[in-house]
Amino acid sequence: MKKKTDLRIIKTHKALYKALIDLLKEMEYEKIKISDLCTKAMVNRSTFYAHFNDKYDLFDSFLKDLKQGLIDELDGSKKIDNVRDYYLELIKVFINHIDINKETYKSIIVNNRNSIILDMLYDTIKMDFKKKNDKFSKTKTDIPEDIMLEFYLGGIINLGIYFINSNKYSKDDIINDLLKLLPKDI
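First residue of the sequence shown? That's 15 in my numbering, and the numbers climb one at a time after it.
So, in structure tokens, the structure goes:
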């Protein structure tokens, strides 16, 4: 049975998360104060401290929720039984996730040069691949799994960063071009 969460807690967390992202667009993370977060979120300091120990705890909670959202999206993706189709579906889900959360990622990665979120994305995608890898072990290739995984993970993450920083291509443009790039025999 899924644990029910009080609606007031959800609303408070969402307000503080939004305040954090809005402030990250304006200033560096280290310069953000609890009072800034409370003012922006329109919550009392005591309410903030009832939910979080400090701004680092807030940021950690926010990243965990963002990560869980990506995990849920990956788990809900189509069931695939070959590596090429898996990577294509993974890229579609990942690019869509980034598109939905583009301002958030831009605020954290670009404006604040924070690599923690890149590590989170990398670990989440790697975990998904390892979880689904048993299906792909039947694939006929002489490329070791770990080399193939690191190669594609690097490409996927860097493509996501490029997509965040650039307004040159739509998510559909990127996905269609990747269809042409991924070899049919992986």
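Think of the CB as a built atom: it goes at the ideal place given N, C-alpha and C, for glycine as much as any other residue. The structure displayed is predicted, hence computed values, not measured ones.
- Secondary structure note for E42: it is in no alpha helix (DSSP H), with a DSSP letter that is neither H nor E.
- Using a 10 angstroms sphere on the CB of K69, the tally of other CB atoms reaches 16 or more, which defines it as buried.
- The three-state reading of DSSP puts T19 in coil, since its state is none of H, G, I, E or B.
- The beta carbon of Y136 lies closer than 8 Å to those of L167, I171 in the same chain, with the five residues before and after it left out.
- Cβ neighbours of I112 within its own chain (closer than 7 Å, five residues either side excluded): Y119, G174, F177, I178.
- DSSP places V57 in the coil class of the three-state scheme, outside both helix and strand.
- Around the CB of I188, 16 or more other CB atoms lie within 10 Å, so the residue is classed as buried.
- For L34, the closest of R22, S75, D20 by C-alpha to C-alpha distance is S75.
- Within the same chain, M134, T138 come within 7 Å of K81 by CB-CB distance, once the 5 residues on both sides are set aside.
- Here Y63 carries a helix assignment [DSSP, helix/strand/coil].
- If you draw a straight line from the Cα of K145 to the Cα of L163, it comes to about 13 Å.
- Cβ-Cβ distances below 7 Å link K54 to A33, D36, L37 in the same chain, with the five nearest sequence neighbours on each side left out; the list follows chain order.
- Listed in chain order, the non-local C-beta contacts of Y31 below 6 Å within the same chain comprise F76, local neighbours out to five positions each way being set aside.
- Excluding its 5 nearest sequence neighbours in each direction, L192 has C-beta neighbours in its own chain below 6 Å: I105, listed in chain order.
- In this structure, DSSP gives Y100 a helical state, which the three-state scheme calls helix.
- In this model, R59 and L51 are separated by some 9 Å (Cα to Cα).
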